[in-house]
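Novice: Residue numbers (our numbering): 44 to 158.
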């Protein structure tokens, strides 16, 4: 079992100066914190894994494939594998918990905990 605190993960993400920080990886899943400021460009492409996005804070327009939806704190969005997700318009600073299943193919940053 691991317990994570979003404050600490957010500080680690800022230290890495990256919008995304993976903090958990197991064989079956990985999770990270994604942050975008208003006006920031989201450079995500399609992932090889299913993704679950949980908006912790902020608001944005999210494009998933050909669909667009307004998301804000409390929104949960499932994105199937190989469908491109993108936050098009970030209205207020966005913090998003992203869970990949199975684990994301290519970790992008130092991993905080592995199981």
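For glycine and all other residues, C-beta sits at the position ideal for the given N, C-alpha and C.
1. In whole angstroms, what separates the C-alpha of residue 116 from that of residue 44?
2. When DSSP builds the beta bridges, which residues end up paired with residue 129?
3. Decide if the stretch 108 to 127 is in contact with the stretch 67 to 77; the criterion is three or more beta carbon pairs, one per stretch, under 8 Å apart.
4. According to the neighbour-count rule (16 or more other Cβ atoms, all chains shown, within 10 Å of its Cβ), is residue 46 buried or exposed?
5. Between the beta-carbon of residue 94 and the beta-carbon of residue 62, is there less than 8 Å?
6. Hey, residue 126 and residue 107 are a contact pair by Cβ (cut 8 Å); roughly how many whole angstroms apart?
7. Classify residue 99 as helix, strand or coil using the three-state DSSP reduction.
8. Exposed or buried, residue 90, counting other C-beta atoms within 10 Å across all chains shown (16 or more means buried)?
9. Along the chain, where does the beta strand (DSSP E) that runs through residue 121 open and close?
Specialist: Here's the rundown:
1. Taking the chain shown and counting its residues from 1, the one referred to as residue 116 is at position 73. Taking the chain shown and counting its residues from 1, the one referred to as residue 44 is at position 1. The straight-line gap from Cα to Cα measures roughly 26 Å.
2. Locating residue 129 in the chain shown gives position 86, where the first residue counts as 1. DSSP lists 106 as partners of residue 129.
3. Because the criterion of three Cβ pairs below 8 Å is not met, the stretch 108 to 127 and the stretch 67 to 77 do not touch.
4. Taking the chain shown and counting its residues from 1, the one referred to as residue 46 is at position 3. By the C-beta density criterion, residue 46 is exposed, having fewer than 16 other C-beta atoms within 10 angstroms.
5. For the purposes of this step, residue 94 is taken as residue 51 along the chain shown, with counting starting at 1. For the purposes of this step, residue 62 is taken as residue 19 along the chain shown, with counting starting at 1. Not in contact: residue 94 and residue 62 (Cβ atoms no closer than 8 Å).
6. Residue numbering aside, residue 126 sits at position 83 when the chain shown is read from its first letter. Residue numbering aside, residue 107 sits at position 64 when the chain shown is read from its first letter. Going by Cβ atoms, the distance from residue 126 to residue 107 rounds to 6 Å, so yes, they are a contact pair.
7. Locating residue 99 in the chain shown gives position 56, where the first residue counts as 1. DSSP places residue 99 in strand when its eight states are reduced to three.
8. Here the question's residue 90 lines up with position 47 in the chain shown. By the neighbour-count rule (16 or more Cβ atoms within 10 Å), residue 90 is buried.
9. Indexing the chain shown from 1 puts residue 121 at position 78. Following the DSSP letters along the chain, one finds residue 121 inside the beta strand (DSSP E) bounded by residues 119 to 122.
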